[in-house]
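For the sequence shown, counting from 1, position 28 maps to 28 in UniProt numbering; every step adds exactly one. Note that beta-carbon positions come from the ideal geometry of N, C-alpha and C, so glycine has one too. Take a look at the structure below.
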Amino acid sequence: GGDGGEPAVAPRFDRGCPDATLEPGMTHCEGTSTEGCADDHPATTELRSGVAERLETRFPDVNALIDAGFKPYFDTLETGDDSWSHWLSPDFIGDDDVLNPERPESVLVDNESWRSMGVMFIATGGGKPTEPPAVYGADESADRCSPWHAHTGLPGRFGWWYYQQAYEREFEDGDLEFPCRTPCMLHVWTVDHPESVYAHDAPPQENRDLSPAADPEFDTDAVPGEDELGWDALPNGLLPERTPDEFALPDPFGIDFGP
Numbered sequence: 001g002g003d004g005g006e007p008a009v010a011p012r013f014d015r016g017c018p019d020a021t022l023e024p025g026m027t028h029c030e031g032t033s034t035e036g037c038a039d040d041h042p043a044t045t046e047l048r049s050g051v052a053e054r055l056e057t058r059f060p061d062v063n064a065l066i067d068a069g070f071k072p073y074f075d076t077l078e079t080g081d082d083s084w085s086h087w088l089s090p091d092f093i094g095d096d097d098v099l100n101p102e103r104p105e106s107v108l109v110d111n112e113s114w115r116s117m118g119v120m121f122i123a124t125g126g127g128k129p130t131e132p133p134a135v136y137g138a139d140e141s142a143d144r145c146s147p148w149h150a151h152t153g154l155p156g157r158f159g160w161w162y163y164q165q166a167y168e169r170e171f172e173d174g175d176l177e178f179p180c181r182t183p184c185m186l187h188v189w190t191v192d193h194p195e196s197v198y199a200h201d202a203p204p205q206e207n208r209d210l211s212p213a214a215d216p217e218f219d220t221d222a223v224p225g226e227d228e229l230g231w232d233a234l235p236n237g238l239l240p241e242r243t244p245d246e247f248a249l250p251d252p253f254g255i256d257f258g259p
């Protein structure tokens, strides 16, 4: 196709993926519901408190996340809000626990202060997608809260594919197939969010109210609170063999994921 180049590019990584889009996109996971979700529900309060306590005591900032084996991911294809990043734990993604505040598969970090401000639970068992549990409420009940989503848009799918390539396989021969969708994911924000504790997008900067993290314990010229956290703020020893922007060959979606 000649107009915009999209039709020519899309078949390379959307073959057999009817819901896939080039733009950011997501879908509700099967059996999920946000109808009954409320920030003041006791189960939400308990979950958020558990997450907040774990972040505060164990994973408060980038230093702690690196020490705990979390791996950074900064969106390359997502346009717009680059003020936050995902830090992923191969250990927690690889276990069979889901929705456990003690073992969050991903921690969401404010790139300005370098501090944790929430988690993203990922429904995986042994690294493979699994059916996610509800936060509360029985199947089909009106008060059920199960706000899981999966990414069908290129940026989210690329992020999951990249994580597996860079941090689980280290770019071994024989590339992983590009997924039609990510596993199911659920955000829990510990800073105030005008939409919801479970909102998909990050809270506005004015809601974060985070003081800069302590000086990095790794070799960098970047300073929390002054310099934006990103790939260039991290030392080579923390970088994967290839960063995501090395895949974005022609601008913006010319990524060749095989024949």
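Cβ neighbours of residue i in the same chain (closer than 7 Å, five flanking residues each side left out)
i: Trp84; result: Leu108, Val109, Asp110, Asn111, Ala202
i: Arg48; result: Val188, Thr190, Val197
i: Gly4; result: Residue placement at Gly4 is poorly supported in this model, since its pLDDT is 45, which falls under 50; the coordinates still yield a value, given next. Cβ neighbours of Gly4 beyond the five flanking positions: none.
i: Gly50; result: Pro101
i: Ala233; result: Thr220, Ala222, Asp227
Sub-9 Å separation of residue i and residue j beta-carbons
i: Cys184; j: Pro101; result: no
i: Ala213; j: Ser146; result: no
i: Gly118; j: Val188; result: yes
i: His149; j: His41; result: no
i: Asp61; j: Ser116; result: yes
i: Thr130; j: Gly94; result: no
i: Pro244; j: Tyr167; result: no
i: Arg144; j: Gly36; result: yes
Of the residues the options, the one placed nearest residue i, counting alpha carbons only
i: Tyr198; options: Val62, Phe121, Cys180; result: Phe121
i: Asp219; options: Gly153, Pro235, Gln205; result: Pro235
i: Thr32; options: Leu154, Leu186, Ser211; result: Leu186
i: Glu19; options: Pro194, Gly153, Pro60, Ala68; result: The identity of residue 19 in the sequence shown is Asp, whereas the question assumes Glu. When only C-alpha atoms are compared, the closest one is Gly153.
i: Gly127; options: Val98, Phe247, Glu56; result: Val98
i: Asp75; options: Gly156, Gly237, Thr21, Thr44; result: Gly156
i: Gly25; options: Ala43, Thr34, Phe158; result: Phe158
i: Leu55; options: Pro72, Arg103, Glu30, Ala38; result: Arg103
i: Leu229; options: Asn63, Thr44, His151; result: Asn63
Rounded separation between residue i and residue j - CA only
i: Trp231; j: Arg208; result: 22 Å
i: residue 270; j: Phe59; result: Residue 270 lies beyond the range of the chain shown here (1 to 259); nothing can be said about it.
i: Leu210; j: Leu22; result: 33 Å
i: Gly69; j: Glu217; result: 14 Å
i: Arg181; j: Cys17; result: 8 Å
i: Pro72; j: Phe247; result: 16 Å
i: Glu226; j: Glu241; result: 27 Å
i: Trp160; j: Ala142; result: 32 Å
i: Leu238; j: Asp39; result: 36 Å
i: Pro179; j: Asp96; result: 21 Å
i: Ile66; j: Glu30; result: 34 Å
i: Thr57; j: Thr45; result: 18 Å
i: residue 283; j: Asp215; result: Given a span of 1 to 259 for the chain in the structure shown, any question on residue 283 remains unanswerable.
Own chain, CB closer than 6 Å to residue i, minus 5 neighbours either side, in chain order
i: Thr34; result: Pro147
i: Asp192; result: Asn207
Residue i CB to nearest heavy atom of the ligand NAD below 8 Å
i: Asp221; result: The ligand NAD is absent from the structure shown, which contains no ligands of any kind.
Sequence-distant residues of the same chain with beta carbon closer than 8 Å to residue i, five excluded per side
i: Pro194; result: Pro203, Pro204, Asn207
i: Ala43; result: Val135, Tyr136, Cys145
i: His200; result: Met26, His149, His187
May I ask you to verify whether the stretch 87-95 touches the stretch 136-143, counting CB pairs closer than 8 Å and requiring at least 3? Judged by Cβ distances under 8 Å, the stretch 87-95 makes no contact with the stretch 136-143, as fewer than three pairs qualify.
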